[in-house]
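Undergrad: One structure, pasted below without further comment.
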Amino acid sequence: MSLFFNLPHLCGLGGDAIIIKKNKGEISIINGTGKTGTYQNRISYEEKGLSTIPKRGIYCTMVYGAPYAFETLVKEADVDLVRMIETLIKNDFDKGFINIPCFEFLFKKAKLEFSQATKLKEWGELFYGGKHVNNSFINMMKRVSQVGFNDFYKGRLANEVYNQIDRYDNRLYSESDFTHFSPKLQ
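Put into C-alpha coordinates, the structure is as follows:
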(Lines of atoms letter the chains of each structure in order from A; the text may use other names.)
(Lines give C-alpha, C1' and ligand atoms only; values in the text may rest on other atoms or scores of the structure.)
Protein backbone atom coordinates (compact mmCIF):
# COMPACT_ATOMS: atom_id res chain seq x y z
CA MET A 239 0.00 0.00 0.00
CA SER A 240 2.86 2.36 0.73
CA LEU A 241 4.15 2.05 -2.84
CA PHE A 242 0.91 3.16 -4.47
CA PHE A 243 0.52 5.91 -1.90
CA ASN A 244 4.00 7.28 -2.57
CA LEU A 245 4.39 6.45 -6.26
CA PRO A 246 0.86 6.72 -7.68
CA HIS A 247 2.20 7.48 -11.14
CA LEU A 248 3.94 4.07 -11.25
CA CYS A 249 1.77 1.64 -9.33
CA GLY A 250 -1.27 3.61 -8.29
CA LEU A 251 -4.97 3.15 -8.07
CA GLY A 252 -5.38 4.04 -11.73
CA GLY A 253 -3.64 0.86 -12.86
CA ASP A 254 -3.56 -2.85 -12.25
CA ALA A 255 -2.63 -4.81 -9.17
CA ILE A 256 -2.08 -8.53 -8.90
CA ILE A 257 -1.59 -9.42 -5.26
CA ILE A 258 0.07 -12.72 -4.41
CA LYS A 259 -0.29 -13.70 -0.78
CA LYS A 260 0.61 -16.63 1.39
CA ASN A 261 -1.58 -17.81 4.24
CA LYS A 262 -0.88 -20.97 6.23
CA GLY A 263 1.36 -22.31 3.48
CA GLU A 264 -1.21 -21.72 0.74
CA ILE A 265 -0.61 -19.26 -2.08
CA SER A 266 -3.55 -17.27 -3.39
CA ILE A 267 -3.89 -14.49 -5.92
CA ILE A 268 -6.16 -11.47 -6.01
CA ASN A 269 -6.71 -10.44 -9.61
CA GLY A 270 -6.86 -6.67 -9.97
CA THR A 271 -6.32 -6.40 -13.70
CA GLY A 272 -8.27 -3.75 -15.52
CA LYS A 273 -10.36 -4.05 -18.63
CA THR A 274 -11.07 -2.02 -21.72
CA GLY A 275 -14.07 0.25 -21.94
CA THR A 276 -17.24 -0.30 -23.95
CA TYR A 277 -16.06 1.83 -26.86
CA GLN A 278 -12.42 0.81 -26.85
CA ASN A 279 -12.29 -1.28 -29.96
CA ARG A 280 -10.81 -1.10 -33.43
CA ILE A 281 -13.88 0.35 -35.13
CA SER A 282 -14.31 3.08 -32.52
CA TYR A 283 -10.63 4.00 -32.66
CA GLU A 284 -10.63 4.11 -36.47
CA GLU A 285 -13.62 6.48 -36.32
CA LYS A 286 -11.46 8.75 -34.15
CA GLY A 287 -8.71 8.66 -36.79
CA LEU A 288 -6.46 6.30 -34.84
CA SER A 289 -4.81 3.40 -36.64
CA THR A 290 -3.01 2.14 -33.51
CA ILE A 291 -3.46 2.46 -29.76
CA PRO A 292 -1.28 5.38 -28.62
CA LYS A 293 1.43 4.75 -26.02
CA ARG A 294 0.27 7.68 -23.87
CA GLY A 295 -2.89 9.63 -23.26
CA ILE A 296 -6.56 8.94 -22.81
CA TYR A 297 -6.83 6.39 -25.63
CA CYS A 298 -4.38 3.96 -24.05
CA THR A 299 -6.25 3.83 -20.74
CA MET A 300 -8.51 1.15 -19.33
CA VAL A 301 -10.83 0.75 -16.37
CA TYR A 302 -8.46 0.36 -13.43
CA GLY A 303 -8.32 -2.89 -11.48
CA ALA A 304 -6.13 -1.91 -8.53
CA PRO A 305 -8.96 -0.56 -6.33
CA TYR A 306 -10.78 -3.90 -6.72
CA ALA A 307 -7.66 -5.81 -5.64
CA PHE A 308 -7.00 -3.53 -2.66
CA GLU A 309 -10.65 -3.67 -1.54
CA THR A 310 -10.52 -7.47 -1.71
CA LEU A 311 -7.25 -7.59 0.27
CA VAL A 312 -8.59 -5.21 2.92
CA LYS A 313 -11.65 -7.42 3.43
CA GLU A 314 -9.80 -10.75 3.37
CA ALA A 315 -7.02 -9.59 5.71
CA ASP A 316 -9.32 -7.48 7.93
CA VAL A 317 -7.11 -4.40 7.47
CA ASP A 318 -7.87 -1.30 9.52
CA LEU A 319 -7.94 1.01 6.52
CA VAL A 320 -8.51 4.19 8.54
CA ARG A 321 -5.46 3.55 10.73
CA MET A 322 -3.30 2.48 7.80
CA ILE A 323 -4.07 5.55 5.68
CA GLU A 324 -3.69 7.92 8.64
CA THR A 325 -0.25 6.38 9.27
CA LEU A 326 0.74 6.77 5.61
CA ILE A 327 -0.34 10.41 5.58
CA LYS A 328 1.42 11.20 8.85
CA ASN A 329 4.65 9.29 8.35
CA ASP A 330 5.28 9.06 4.63
CA PHE A 331 4.61 12.68 3.74
CA ASP A 332 6.35 14.09 6.80
CA LYS A 333 9.40 11.83 6.85
CA GLY A 334 9.76 10.69 3.27
CA PHE A 335 9.33 7.24 1.84
CA ILE A 336 12.96 6.19 1.67
CA ASN A 337 14.63 6.48 5.02
CA ILE A 338 15.73 2.86 5.07
CA PRO A 339 19.33 2.38 3.83
CA CYS A 340 18.52 -0.45 1.39
CA PHE A 341 15.76 1.64 -0.27
CA GLU A 342 18.03 4.66 -0.44
CA PHE A 343 20.73 2.55 -2.13
CA LEU A 344 18.23 1.24 -4.70
CA PHE A 345 16.93 4.75 -5.42
CA LYS A 346 20.45 6.13 -5.94
CA LYS A 347 21.22 3.22 -8.27
CA ALA A 348 17.95 3.73 -10.18
CA LYS A 349 18.73 7.43 -10.68
CA LEU A 350 21.53 6.34 -13.02
CA GLU A 351 18.99 4.51 -15.20
CA PHE A 352 16.31 7.23 -15.53
CA SER A 353 15.62 8.84 -18.86
CA GLN A 354 15.98 12.59 -19.28
CA ALA A 355 12.18 12.89 -19.11
CA THR A 356 12.13 11.62 -15.52
CA LYS A 357 11.54 14.41 -13.03
CA LEU A 358 14.16 13.53 -10.42
CA LYS A 359 13.36 16.56 -8.28
CA GLU A 360 9.76 15.40 -7.85
CA TRP A 361 10.87 11.86 -7.03
CA GLY A 362 13.41 13.12 -4.54
CA GLU A 363 10.77 15.14 -2.76
CA LEU A 364 8.51 12.10 -2.50
CA PHE A 365 11.29 9.82 -1.33
CA TYR A 366 13.02 12.14 1.07
CA GLY A 367 10.13 14.11 2.54
CA GLY A 368 10.02 17.24 0.41
CA LYS A 369 7.64 20.09 1.00
CA HIS A 370 5.32 19.24 -1.92
CA VAL A 371 2.09 17.81 -0.54
CA ASN A 372 -0.67 16.71 -2.89
CA ASN A 373 -3.73 17.70 -0.84
CA SER A 374 -6.10 16.34 -3.48
CA PHE A 375 -4.46 12.92 -3.17
CA ILE A 376 -4.56 13.06 0.63
CA ASN A 377 -8.26 13.99 0.57
CA MET A 378 -8.94 11.13 -1.85
CA MET A 379 -7.15 8.68 0.44
CA LYS A 380 -9.05 9.96 3.47
CA ARG A 381 -12.27 9.30 1.56
CA VAL A 382 -11.08 5.77 0.70
CA SER A 383 -10.32 5.16 4.38
CA GLN A 384 -13.93 6.04 5.23
CA VAL A 385 -15.90 4.40 2.38
CA GLY A 386 -13.48 1.89 0.84
CA PHE A 387 -11.82 1.39 -2.53
CA ASN A 388 -15.09 0.49 -4.25
CA ASP A 389 -15.84 4.22 -4.30
CA PHE A 390 -13.70 4.20 -7.46
CA TYR A 391 -16.42 2.11 -9.15
CA LYS A 392 -19.66 3.17 -7.46
CA GLY A 393 -19.40 6.43 -5.60
CA ARG A 394 -18.16 9.99 -5.63
CA LEU A 395 -14.65 9.09 -6.79
CA ALA A 396 -16.07 7.01 -9.67
CA ASN A 397 -18.25 9.94 -10.71
CA GLU A 398 -15.28 12.32 -10.67
CA VAL A 399 -13.14 10.02 -12.81
CA TYR A 400 -15.93 9.17 -15.24
CA ASN A 401 -17.00 12.83 -15.64
CA GLN A 402 -13.41 13.93 -16.36
CA ILE A 403 -12.98 11.26 -19.03
CA ASP A 404 -16.45 11.85 -20.44
CA ARG A 405 -15.71 15.58 -20.89
CA TYR A 406 -12.74 14.68 -23.03
CA ASP A 407 -14.42 11.92 -25.04
CA ASN A 408 -17.94 10.68 -24.27
CA ARG A 409 -17.47 7.67 -26.55
CA LEU A 410 -14.64 5.99 -24.68
CA TYR A 411 -16.28 4.50 -21.59
CA SER A 412 -19.84 3.95 -20.50
CA GLU A 413 -20.81 4.54 -16.90
CA SER A 414 -21.48 0.79 -16.54
CA ASP A 415 -17.80 0.11 -17.31
CA PHE A 416 -17.20 1.42 -13.79
CA THR A 417 -20.38 0.51 -11.93
CA HIS A 418 -20.31 -3.13 -13.14
CA PHE A 419 -16.55 -3.61 -12.98
CA SER A 420 -15.04 -6.98 -12.24
CA PRO A 421 -11.62 -8.10 -13.43
CA LYS A 422 -11.62 -10.04 -16.65
CA LEU A 423 -10.58 -13.60 -15.99
CA GLN A 424 -8.98 -15.65 -18.75
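Just add 238 to wherever you are in the sequence shown, counting from 1, and you've got the working numbering. Backbone N, C-alpha and C fix where the C-beta goes; we use that ideal spot for every residue, glycine too.
1) Report the option in Arg321, Leu326, Ala315, Lys273 whose CA atom is closest to the CA atom of lysine 262.
2) Straight-line CA distance for isoleucine 258 to glycine 270?
3) Assess contact between the stretch 291 to 305 and the stretch 398 to 417, defined as three or more Cβ pairs (one per stretch) separated by less than 8 Å. Is contact present?
4) Which partner residues of glycine 270 appear in the DSSP bridge assignment?
5) Would DSSP call isoleucine 265 helix, strand or coil?
6) Take glutamate 309 and list the residues in its own chain whose beta-carbon comes closer than 8 Å to its own, dropping the five residues that flank it on each side.
7) For the alpha helix (DSSP H) containing phenylalanine 419, name the first residue and the last one.
8) If you pair each beta-carbon of the stretch 317 to 325 with each one of the stretch 373 to 387, do three or more pairs fall below 8 Å?
9) Should leucine 326 go down as buried or exposed, given a rule of 16 or more other Cβ atoms within 10 Å for buried?
10) Could you give the residue range of the alpha helix (DSSP H) that holds lysine 380?
11) Run through the DSSP bridge pairs and tell me what lysine 286 is partnered with.
12) For leucine 288, is the classification buried or exposed, using 16 other Cβ atoms within 10 angstroms of its Cβ as the cut-off for buried?
13) Could you tell me the alpha carbon to alpha carbon distance between isoleucine 196 and phenylalanine 390, rounded to whole angstroms?
14) Sort out for me which residues DSSP pairs lysine 260 with in a bridge.
15) Taking the beta carbon of isoleucine 265 as the centre, do at least 16 other beta carbons fall within 10 Å, making it buried, or is it exposed?
16) So, with DSSP's three-state summary, where would you put valine 317?
TA: Short version:
1) Ala315
2) 11 Å
3) yes
4) Ala255
5) strand
6) Gly386, Phe387, Asn388
7) Taken as a continuous stretch (DSSP letters only), phenylalanine 419 belongs to no alpha helix (DSSP H), as it is neither H nor E.
8) yes
9) buried
10) 373 to 385
11) According to DSSP, which records beta bridges pairwise, lysine 286 is partnered with nothing at all.
12) exposed
13) It is not possible to answer for residue 196, since the shown part of the chain is limited to 239 through 424.
14) Ile265
15) exposed
16) coil
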